[in-house]
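Chains A and B are the protein sequences, given in the same order.
Take the position in the first sequence, starting the count at 1, then add 675; the result is the number in my numbering.
Take the position in the second sequence, starting the count at 1, then add 22; the result is the number in my numbering.
For every residue, glycine included, the Cβ atom is placed at its ideal position computed from N, Cα and C.
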Amino acid sequence: MEARDLQLKDITVGDTSSFERTISEGDIAAFAEISGDYNPLHMDAKYAAQTSFGRPVVHGMFLGALCSSFVGMYLPGKRCLYMSQSLQFKKPVYAGDTVIVTGTVRSKSVATRVLSISISIRRDEEEVAVGEAQVQVLENQ
Amino acid sequence: MDTDAHMKTFDDIVYEIFNVPQSEVRDDMSIKDIPEWDSMNYLLFIAKLEEVFSFSFDMDEIMNAKTLGELRVITEAHQK
């Protein structure tokens, strides 16, 4: 899959994009290996069953990684320089869940080439995480 | 805009981006006085001012401003 190649002039406030991702147990295991977060709430079904969640929970920062995918691949895509990201986890997400990541451009600074993008991650009608990204749209080389 | 954008002040944004408490903000502060004033945070600061106060800096203003006070004056001028 290739990243979109939007230039600053192509982007206006209100522009939106989204993608869907089904999260597997393999994703959780891979994220644990990459991040080093083997917390049993994510990795140990027996342990997780004893908590209020009942089963292993997807790492919150896996959803953060989906935000990275959003800005790096969809909006603005190829020219993205990721500058900051806020993120609030609102509901637990589990293996097998399908989430939709949607981002909307809230502001565009022409002078700094910085976009502010609100990102909402939903499972069906339920918002499971919400955040805001600031990205710079790099100029042509 | 932030849902609370209309509530934010210049000094709120100084705190949000540069982590300088409002009680310590001075208009003569510059990159020399604020450890978190680096090139990336400066861009975020400018972009946040534009977002919250609904105006656009021009390139000369961004390049020439050296202190918080100068940026405050430019921001206020764009509000008139």
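- What does V768 (chain A) touch in chain B if you count any residue whose Cβ is under 9 Å from its own? Ordered by position in chain B, no residue passes the 9 Å Cβ test against V768 (chain A), which lies about 24 Å from the chain.
- Task: Specify whether the region 795-809 of chain A and the region 757-777 of chain A touch according to this definition: at least 3 beta carbon pairs, one from each stretch, less than 8 Å apart.
- Result: yes
- Item | Chain-order list of residues whose beta-carbon lies under 7 Å from that of Y713 (chain A) (same chain, five-residue window excluded) | A707
- Item | Opposing strand residues paired with G806 (chain A) [DSSP bridges] | A:L762, A:I794
- Ordered along the chain, which non-local residues of its own chain (more than five positions away) have a Cβ less than 6 Å from that of G747 (chain A)? C755
- Cβ contact check for the region 61-73 of chain B and the region 784-796 of chain A: 3 or more pairs under 8 Å: yes
- Task: Rounded to whole angstroms, what's the CA-CA distance from D799 (chain A) to S692 (chain A)? Just pull it up for me.
- Result: 17 Å
- Query: Going by alpha carbons, who is nearest to S795 (chain A) out of A:R679, A:D772, A:S710, A:L762?
  - Reply: A:L762
- Query: Should D80 (chain B) be flagged as near chain A, meaning a C-beta pair shorter than 9 Å?
  - Reply: yes
- Task: Using a Cβ-Cβ cut-off of less than 7 Å, give me the residues of the region 748-766 of chain A that come near chain B, in sequence order.
- Result: M758, S759
- Simplified DSSP assignment, three categories, for Q101 (chain B): helix
- Item | Straight-line Cα distance separating Q760 (chain A) from E92 (chain B) | 28 Å
- Looking at the C-beta of K70 (chain B), does it have a partner C-beta in chain A at a distance below 9 Å? yes
- With a 10 Å radius around its C-beta and 16 neighbouring C-beta atoms as the bar for buried, classify S791 (chain A) as buried or exposed. buried
- Item | Coarse secondary structure for M23 (chain B), derived from DSSP in three states | At M23 (chain B), the pLDDT of 44 sits below 50, so the modelled position is not reliable; the number obtained from the coordinates is stated separately. In the structure shown, M23 (chain B) sits in coil (DSSP, three-state: anything other than H, G, I, E or B).
- Query: Would you call the CB atoms of V774 (chain A) and L738 (chain A) closer than 9 Å?
  - Reply: yes
- Item | Extent of the continuous alpha helix (DSSP H) to which I709 (chain A) belongs | 700-710
- DSSP state of D690 (chain A) mapped onto helix, strand, coil: coil
- Item | Within 7 Å of chain A by C-beta, residues of the region 43-63 of chain B in sequence order | M62
- Helix, strand or coil at V36 (chain B) [DSSP, three-state]: helix
- Query: Exposed or buried, R788 (chain A), counting other C-beta atoms within 10 Å across all chains shown (16 or more means buried)?
  - Reply: buried
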